[in-house]
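In our numbering, the protein residues as written are 33 to 277. Ideal placement from N, C-alpha and C gives every residue a C-beta, glycine not left out. No experiment lies behind these values; they were computed from the predicted model shown.
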Amino acid sequence: MTTDNKAARYCEDIRLRMDGLFEEEEIAVQFTREFMALYTNGPAGGGGVSTGWKKEIILEKELVRREDVQWGITAMGVITSSAHTASLHRTMGASISPSIPQDEDTFKEPQLYSSPAPSGTKVPLYNIAHSRAGDKGNDLNFSIIPHFPPDIERIKTFITPDWVKEALSPLLNYTSFPSPTDIEQRNKWIAENVKVEIYEVRGIRSLNVVVRDILDGGVNCSRRIDRHGKTISDLILSQHVLLPP
């Protein structure tokens, strides 16, 4: 079966149903696993196969003995002598069972950003902020959370709908080496079909970006292997940006 690229874009779901006779259930399960491996081991973005067979998971409640529980408390505090310096204080609670020796070198103070990001030089966005991303159908959403919260005002100056469309546009290339004509057609399709919505989350000083109709639908499996979701945040954070003063 062959189809053109335009028709393939609007084909959001392909289902394959197979029937067979097996002497044992284990043989049928093994067959579905091998068939799924043939599909999911293909090129990146291939999606996954919903086999219709669900593994039974049994949940049980069990009481854990008090002496088998190890616990600890971690707290962050600001030293009064310096408002820009923070220290990590860790207090271990008493345990009934013998204590397990801990290597003090494994406990490191977290990296804190107490100064704004530099301006005037292009740097990867991941030097300035971190991100989380997810997807629903053909829609993508991701957040931009600056390491230094006041930097959100400067980040807002370049995180625009046009900037987002340009950053995500390579996802819609039909080939790794698009021609000028391919790029022109891609940009035209984005302008006509893709919508970007940017919301400011003032409570945590971050931006939430929603991109409509940028993805290709995925498949009917919540644990699918495809390009959606978390990998998009890496694409955004790899963009080089220039912060204003």
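Bridge-paired residues (DSSP) for residue i
| i | result |
| --- | --- |
| Tyr231 | Asn240 |
| His179 | DSSP lists no partner for His179. |
| Val155 | Val273 |
| Ala165 | Phe174 |
Among the options, nearest to residue i - alpha-carbon criterion
| i | options | result |
| --- | --- | --- |
| Ser147 | Ala165, Val243, Pro181 and Ile177 | Pro181 |
| Thr189 | Phe209, Glu224, Gln217 and Glu232 | Glu232 |
| Ala161 | Thr64, Glu94, Asn240 and Ile246 | Asn240 |
| Arg164 | Pro277, Ser265 and His272 | Ser265 |
| Glu229 | Pro193, Leu204 and Ile236 | Pro193 |
| Ser270 | Ile90, Val101 and Leu157 | Leu157 |
| Lys197 | Ile246, Arg49 and Pro178 | Ile246 |
| Gly169 | Val242, Thr213 and Gln62 | Val242 |
| Ser238 | Val155, Leu91 and Ile176 | Ile176 |
| Asn225 | Arg244, Ile215 and Pro212 | Arg244 |
Whether residue i touches residue j by CB criterion (8 Å)
| i | j | result |
| --- | --- | --- |
| Asp171 | Ala149 | no |
Rounded C-alpha distance that separates residue i from residue j
| i | j | result |
| --- | --- | --- |
| Asn219 | Lys227 | 13 Å |
| Leu275 | Lys93 | 53 Å |
| Val81 | Glu55 | Note on Val81: pLDDT 48, under 50, position unreliable in the model; no value is reported. |
| Phe174 | Gln102 | 36 Å |
| Leu53 | Val61 | 12 Å |
| Arg65 | Leu91 | 24 Å |
| Ile268 | Pro202 | 12 Å |
| Gln217 | Leu200 | 15 Å |
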